[in-house]
Amino acid sequence: MCEKIILTELENGVLSLKLGSERHTVLWHQKYNLPVTTRGHNFMNPNTGLLEHANPNEIVSGPPSIDIYVHNLAAHPEESGQFSLRAGAVGTVNEVVAEIGAQVARGAYSIYSLNVSKYQVTLIIESEMRYAELKEELSGIARRATKQSFERSKKAVQDAKTIVF
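Quick note: the sequence shown uses this note's numbering, first residue 53, plus one each step.
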C-alpha cells in the first residue's frame, strides 16, 4: 500500500515529514540534519530529492527532542540509595526548564545542580520522594513540554507551505 508523503517547509526553514496520518520529527538524520520517520526510518535526501532509508547508525534523537536526565542525591527513607531517571520531551529547552521551575516553586524538590544545553537538561536534586513519585514528576515535565510543542507545531503547519509527493 502506498501512503501519501508530505514534506512541509515551515517559514523558519525547518522541514517536517508526514507519512500517512503520522507526523514525525523526533528522529533525526545526522549527516543531512533532517527529520526521519519513526516507521520505516525514511528521510528526504536533499541531494537527490528522493525518499531514502536511513541506517540505524545515521539516526539520532534530535531536534526538537530534549534529553532530560535527573539524579536524586537523597531518597525516601524506605528506599535505598540514590537513583537516576531519564526521559525525552519534544519541545524546547526553555519549556522544560520552566516546568522544572514550577516543580521547585511548589516544593517538589530542591535543585543541587542544573546544567542546560540546547537539547539536553541534567538536573541533580535532593528529595525524599519515592522513585515512582519522582518518575511521575519527570513524566509530567515531558508531557507538558510535548503538549506545548504539539500546539505550536499544529499552528506552524497550518501556516506552512506544503509539497505533496
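C-beta: ideal position from N, C-alpha, C; glycine also.
Predicted, not measured: the structure shown is a model, and the values here were computed from it.
Distances from the CA of V122 to each of T100, V145, V173, H93 were compared; the closest alpha carbon is that of V173.
Listed in chain order, the beta strand (DSSP E) runs fully inside the stretch 83-133 are 86-88, 94-96, 103-105, 111-113, 117-124, counting runs of at least 3 residues. In the structure shown, the three-state DSSP call for T174 is strand.
Taking every protein chain shown into account, the CB of Y161 has 16 or more other CB atoms within 10 angstroms, so this residue is buried.
Separation of V168 and A139 (C-alpha to C-alpha, rounded to the nearest whole angstrom) is 15 Å. Only residues of its own chain outside the window of five on either side were considered, and among them L125, I176, I177, E178 have a CB closer than 8 Å to the CB of Y164, listed in chain order. At a Cβ-Cβ threshold of 9 Å, A157 and A194 do not count as neighbours.
The DSSP-derived three-state label of G159 is coil.
G140 sits in a strand when the DSSP states are folded into three classes. Annotated as proximal: I118 and V145, with beta-carbon spacing under 9 Å. Around the C-beta of P87, 16 or more other C-beta atoms lie within 10 Å, and the residue is accordingly described as buried. Beta-bridge partners of V168 (DSSP): V173. In this structure, L79 is the residue among L79, G159, I120, E131 with its C-alpha nearest to the C-alpha of A106. Distance check between Q155 and each of Q134, A184, G192, S136 places G192 closest, using alpha-carbon atoms only. In the same chain as Q134, and ignoring 5 residues on each side of it, the C-beta atoms closer than 8 Å to its own belong to H123, N124, L125, A126, A127, in chain order. Taking 9 Å as the cut-off, the beta carbon of N97 is found closer than this to the beta carbon of L103.
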